[in-house]
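Sequential numbering of the sequence shown, starting at 925, is according to this note's numbering. Right, one structure below, let's go through it.
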Amino acid sequence: MPDWGKQGFLTQADTEVMAKFLQNEPPAPPELSLQQMKDSWQLITPVEERPVAPETTRDWQNYFIVTLRDAGQVAIIDGDTYEVVNTVDSGYAVHITRMSASGRYAYVIGRDGRLALIDLWMEKPEVVARVQICYDARSVEVSKYEGPEGDFRDKYAITGCYWPPHFAILDGQTLEPMKVVSSRSYTYDTGEFHPEPRVASILASHFKPEWIVNIKETGQVWIVNYTDPQNPSIKMIEAALFLHDGGWDSTKRYFMVAANQSNKIAVVDALEGDLEALVDTPAVPHPGRGANWIDPEFGPVWSSPHLGDPAVVSVATDPVNHPENAWKSVRVTPLPGSGSLFIKTHPNSKWIWVDMTLNSDPVLARTICVIAKDDPAEVHKCWEVSTYGRAVHMEYNKQGTEVWISVWGDAANPGETGEIVIYNDATLEEKTRIKDLITPTGKFNVYNTVNDIY
Ligand code: HEM
925 MPDWGKQGFL TQADTEVMAK FLQNEPPAPP ELSLQQMKDS WQLITPVEER
975 PVAPETTRDW QNYFIVTLRD AGQVAIIDGD TYEVVNTVDS GYAVHITRMS
1025 ASGRYAYVIG RDGRLALIDL WMEKPEVVAR VQICYDARSV EVSKYEGPEG
1075 DFRDKYAITG CYWPPHFAIL DGQTLEPMKV VSSRSYTYDT GEFHPEPRVA
1125 SILASHFKPE WIVNIKETGQ VWIVNYTDPQ NPSIKMIEAA LFLHDGGWDS
1175 TKRYFMVAAN QSNKIAVVDA LEGDLEALVD TPAVPHPGRG ANWIDPEFGP
1225 VWSSPHLGDP AVVSVATDPV NHPENAWKSV RVTPLPGSGS LFIKTHPNSK
1275 WIWVDMTLNS DPVLARTICV IAKDDPAEVH KCWEVSTYGR AVHMEYNKQG
1325 TEVWISVWGD AANPGETGEI VIYNDATLEE KTRIKDLITP TGKFNVYNTV
1375 NDIY
């Protein structure tokens, strides 16, 4: 504990009160039942009152849904004109946005477990339903499968919770809660009971009517079949402890997920429904969804940066044409610093972009680096995106010609609250800035999110 007494912040009496307070048993956080979720559910615009075709002449597939973290809002920004089409209230510190399979709906999950559904076909996109699924959440996904077992596009949504430790299945068009499933279970390795295994990233399979649900503290990947969401079947795969975030390889067959405090990437085969490989990486991989590209020496790879190590690591992902390299960490590209949160590329781009958002040096925290795909041994160029704040999370526009980067500023500091800086991807030159946004962080282009382009 800091020496607040010696420093004069606390008197002797304050110190005693603080010491007594700290010795209290912390109260157990409350649970949240399916009925409580249903009680919180608000259907603002029923399905039959929503547009039957896009009302807007804008290219809504090129909208960016931008988290305005400290404002508890998201901005919907037109990727062609850079206009803010609307700003809507969401949960506090929105964590991610995912789109329905058609792209028409945006599902926005707040860290506070509040889920909002936005209809992007409206002239001015608005929230059409809301619900509270938990008190602490990070993930949301939709059903995407269409095939012999049925058409599940835009049918269901799933939200993963940190507290209470559970996931819930919802009606995809109304957010009406349908089913809650606890993630409390036993660790995959020693079989210890864990009372609080958090539900981290969730991805929808393209091969089967299934979600891949990562249970952090038990190290299990749950393959949840949603054909009968009231009675879901779950296959539990043993993987690695502390599963966190990840994305598809370029074929969308293999899910690459960081087991962050284990310093591993787990590779899950969505077709066979099993663990394909575990790959060692440096300290604390943090890929976001990662980056897929063709390495000149090793063929198709998927890359991740790291929170604890100044390195981008590329894992070879092509067991068919490059079996000798498959699931090996084949390349390490050094960065000027660690603290990276995200990486991004586009199939049409010659670059891979990477941030260092949580670096303790404020200059590196606002610096971006690009790696050239044809010369990936070292970074091609690094530069400061702004004079303040932290540079975080890159996203391409629909055409794959621009990269948008957030400057995560300080909500209490007028003029430095944050902005988005837009680069021409071919030349790396700055094109424009969308200024005066309140703490923008993650941003999700509709087209690229629907099509898993990264
Ligand atoms: C306590 C710290 C944090 C935890 C536990 C956490 C957890 C997670 C998890 C589990 C995901 C995966 C969700 C999914 O794909 O289904 C995720 C994604 C994401 N997180 Fe965090 N996160 C943390 C800090 C942050 C911070 C500081 C930021 C930004 C300021 C951030 C921004 C994002 C974004 C933008 C994504 C989505 C990335 C993408 O898909 O491109 N997170 N986070």
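Heads up, the beta-carbon is just placed ideally off N, CA and C, and yes, glycines get one too.
Relative to ligand 1, is the shortest distance from any of its heavy atoms to the C-beta of residue i smaller than 7 Å?
i	result
D1173	no
D1169	yes
W928	no
L1265	yes
T1365	yes
A1025	no
W1332	yes
S1253	no
S1125	yes
V1316	yes
S1014	no
R1062	yes
I1139	no
I1379	Outside the displayed range of the chain (925 to 1378) lies residue 1379, so it cannot be described from this structure.
G1212	yes
According to DSSP, which residues form a beta bridge with residue i?
i	result
R1314	W1332
Q997	L992 and D1013
K1367	V990
R1022	Y1031
S1106	H1090
S1227	A1215 and S1238
R1054	Q966 and A1040
S1157	N1149
K1132	None, per the DSSP bridge assignment.
E1354	Y1347
T1083	V1064 and A1092
V971	For V971, which the question treats as bridged, DSSP gives no partner whatsoever.
Q1144	I1139 and E1162
With residue i as the anchor, note down where its beta strand (DSSP E) starts and where it stops.
i	result
F1179	Y1178 to A1183
L1199	D1198 to D1204
V1191	K1188 to D1193
A1301	No beta strand (DSSP E) contains A1301, which DSSP labels as neither H nor E.
Q936	Premise fails: Q936 lies in the alpha helix (DSSP H), Q936 to L946, not in any beta strand (DSSP E).
P1258	S1253 to P1258
V1123	V1123 to A1128
If you drop the 5 nearest sequence neighbours on each side, which residues of the same chain put their C-beta closer than 6 Å to that of residue i?
i	result
E1120	P1089
S1174	N1216 and P1224
A1092	I1057, T1083, P1101 and V1104
Y1059	G1037 and W1087
T939	G929
W1226	D1173, M1180, G1214, N1216, V1239 and T1241
W1275	V1294
T1257	V1236, I1295 and P1300
V1009	I1000 and D1002
E1308	R1290 and T1291
R993	A1017, T1363 and T1365
H1168	A1124, A1182 and N1184
S1063	G1084, S1125 and I1126
Who are the Cβ neighbours of residue i in its own chain at under 7 Å, not counting the five residues just before and after it?
i	result
P1220	D1298
F1117	Y1110
L934	W928 and M942
D1193	R1177, Y1178 and E1200
L1352	V1294 and K1305
Q1097	V971 and D1078
On the DSSP letters alone, give me the boundaries of the alpha helix (DSSP H) that residue i sits inside.
i	result
L958	L958 to S964
L1039	Not the alpha helix (DSSP H): L1039 falls in the beta strand (DSSP E), residues R1038 to D1043.
A1215	Careful: A1215 lies outside any alpha helix (DSSP H), inside the beta strand (DSSP E) at A1215 to D1219.
V976	No alpha helix (DSSP H) contains V976, which DSSP labels as neither H nor E.
L1094	Here L1094 belongs to no alpha helix (DSSP H); instead the beta strand (DSSP E) covers H1090 to D1095.
A1164	A1164 -> no alpha helix (DSSP H), and no H or E assigned at all.
V1287	P1286 to A1289
Excluding the 5 residues flanking residue i on each side, which residues of the same chain have their C-beta closer than 8 Å to its C-beta?
i	result
S957	V1104
E1007	I1001
L1099	W965, L967, L1039, L1041, A1053, R1054, V1055 and A1081
W1045	R974, P975, A977, P978, E979, T980, W984 and R1028
A1246	A quick correction: the sequence has His, not Ala, at residue 1246. Cβ neighbours of H1246 beyond the five flanking positions: F1222, G1223, P1224 and A1240.
L1288	P1260, G1261, G1263 and M1280
D1013	G996, Q997, A1040 and V1051
Under the criterion of a Cβ to heavy atom distance below 7 Å, does residue i qualify as lining ligand 2?
i	result
I1189	Inclusion of ligand 2 in the displayed structure is not the case, the ligand content consisting of ligand 1 alone.
Cβ pair count under 8 Å reaching 3, the stretch 948–963 against the stretch 971–985: Look at the beta carbons and you see the stretch 948–963 not touching the stretch 971–985: under three pairs across the two are nearer than 8 Å.
Cβ pair count under 8 Å reaching 3, the stretch 1032–1046 against the stretch 1007–1024: The stretch 1032–1046 is in contact with the stretch 1007–1024.
Does the stretch 1369–1377 come into contact with the stretch 1306–1325, if we say contact requires no fewer than three beta-carbon pairs (one atom in each stretch) closer than 8 Å? Taking 8 Å as the limit for Cβ pairs, the verdict is that the stretch 1306–1325 does touch the stretch 1369–1377.
Is the stretch 1260–1271 touching the stretch 1207–1215 in the sense that three or more CB pairs, one from each, lie closer than 8 Å? Segments in contact, yes.
Give a yes or no on contact between the stretch 1126–1139 and the stretch 980–989, applying the rule of three or more CB pairs nearer than 8 Å. No: the two stretches stay apart, fewer than three of their Cβ pairs being nearer than 8 Å.
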